[in-house]
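Here's the structure we're looking at; comments come further down.
Residue numbers (the numbering used here): 1171 to 1619.
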């Protein structure tokens, strides 16, 4: 992974003014780590444009937009970085001008080569890699490269009203701010001032996440050559003295996450509460594989609701509201809901892309709809799952990219990249699925034991 040589240095007055709001939000150290990070973003359709916009505004050091495809007539419907009349131009090149204008302090570059032709050495210049519009084989290959080189890996896509994100952070440390309750001496009267004193102070603690890839069979803990036993002991004593909280979270590879064995008793019990978009994903992108892994858990649920309001020009604007819960504890701005069947859809979408080399198109709606239904039957039969788990009408809602869905999924995915690079707040582990028809999203952890 690229050494962040600037992470320990300061930032200029101009940068401090530019990033003042987010420095107040997540702190100077987090912003400095973000400012020292380089990101590779593959696929510059609607979702890629949303991710690029958010990362550039957040203030990463550099963003490389890679896409070998040309702007299609339907791209401008969700891709706001390309100008009118850009049809036929390379997507990444057509997006460069508007992307760079968002934040001149970020080094925005373009690469027009096919991601499939890139050697392993190409990826080592980045701190995080995010794939969109890629086949299952490419996603699995790049995920393995990123794990081998300690690079944060993300992938995501939008299919009509449906979207997903996936993260594999390998070994990850992050900072979490916690409220420190002050002790009050005996004999001190209770009252408003005393209660305020108990809750006013807060502390930021470093929480070490030791993340193990499924199939690794062990906890990977780095030991640097210069680190002696004495230094390690001093480090442990320092952590205990500062009341640091140690926790373990398991990230698995994307290959393992897509190879859940639904015939096991544990998986069968979880099938009813597993969102159907997971299976829709396999249909679009995945090829047939052997399924040997096991469902783990769903530890975070999110609901996102849309409301419409009229602007002063009479145009409808979409607003997003929500609330998040992590490992049973409430955090941020979301609330738990009972999810429907989002996850089951996505494997179907992955297989379609692998088999056809493209996504379903409205120009060939009839043909693609029949193929999607056939793939649904084949994939779910191979998984030992009743095809009725994914209703036939799913084909009506998974064509093209929709701008509002790109905005939601792109916002979530960019947020996770920022959290990982800045080492601030708990990450999503490992899938996020969004259903635009219901306005609901869910974070599920799928993979091996």
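Every residue, glycine too, gets a C-beta built ideally from N, C-alpha and C. None of the values given here were measured: they were computed from a predicted structure.
Cut-off 6 Å between Cβ atoms - residues of its own chain near residue i, not counting five sequence neighbours on either side
i            : result
residue 1270 : 1278
residue 1333 : 1575, 1579, 1604
residue 1256 : 1241, 1264
residue 1207 : 1230, 1231, 1297, 1591
residue 1325 : 1301, 1309, 1336
residue 1193 : 1201
residue 1184 : none
residue 1425 : 1310
residue 1671 : Examination of residue 1671 is not possible in this model, given that the chain is present from 1171 through 1619 alone.
residue 1606 : 1331, 1575
residue 1527 : none
residue 1569 : 1330, 1530, 1532
Contact set for residue i: own chain, Cβ-Cβ below 7 Å, skip 5 residues either direction
i            : result
residue 1339 : 1322, 1381, 1421, 1590, 1597
residue 1250 : 1219
residue 1562 : 1543
residue 1280 : 1235, 1262, 1263, 1266
Three-way DSSP call (helix, strand, coil) for residue i in this model
i            : result
residue 1323 : strand
residue 1558 : helix
residue 1585 : helix
residue 1284 : coil
residue 1259 : coil
residue 1526 : helix
residue 1328 : strand
residue 1594 : strand
residue 1547 : helix
residue 1599 : coil
residue 1240 : strand
residue 1201 : helix
residue 1189 : coil
residue 1499 : For residue 1499, the pLDDT reaches just 37, beneath the cut-off of 50, and the residue's location in the model is therefore unreliable, although a value from the coordinates is still provided. Strand at residue 1499.
residue 1293 : helix
residue 1429 : coil
residue 1579 : helix
residue 1532 : helix
residue 1249 : coil
residue 1309 : helix
residue 1156 : With the chain covering 1171 to 1619 only, the question about residue 1156 has no answer from this structure.
residue 1552 : helix
residue 1542 : helix
residue 1271 : helix
residue 1265 : helix
residue 1229 : coil
residue 1181 : coil
residue 1303 : coil
Cβ-based neighbour list, residue i, same chain, cut-off 8 Å, excluding 5 preceding and 5 following
i            : result
residue 1551 : 1557
residue 1317 : 1323, 1338, 1340, 1383, 1423
residue 1275 : 1184, 1185, 1188, 1229
residue 1283 : 1236, 1238
residue 1313 : 1323, 1325, 1338, 1423, 1424, 1425
residue 1286 : 1308
residue 1150 : Residue 1150 lies beyond the residue range present for the chain, which begins at 1171 and ends at 1619; the question has no answer from this structure.
Residues that residue i bridges to, as DSSP identifies them
i            : result
residue 1298 : 1209, 1322
residue 1604 : 1333, 1611
residue 1235 : 1211, 1280
residue 1564 : According to DSSP, which records beta bridges pairwise, residue 1564 is partnered with nothing at all.
residue 1571 : 1330
residue 1338 : 1323
residue 1223 : Note: residue 1223 sits in no beta bridge, so no partner.
Contact test: residue i Cβ vs the ligand HEM heavy atom, cutoff 7 Å
i            : result
residue 1185 : Ligands in the displayed structure: none, and consequently the ligand HEM is not present.
The segment 1203-1221 / the segment 1565-1577 touching (three or more Cβ pairs under 8 Å): yes
At least 3 beta-carbon pairs within less than 8 Å: the segment 1245-1260 vs the segment 1598-1618: no
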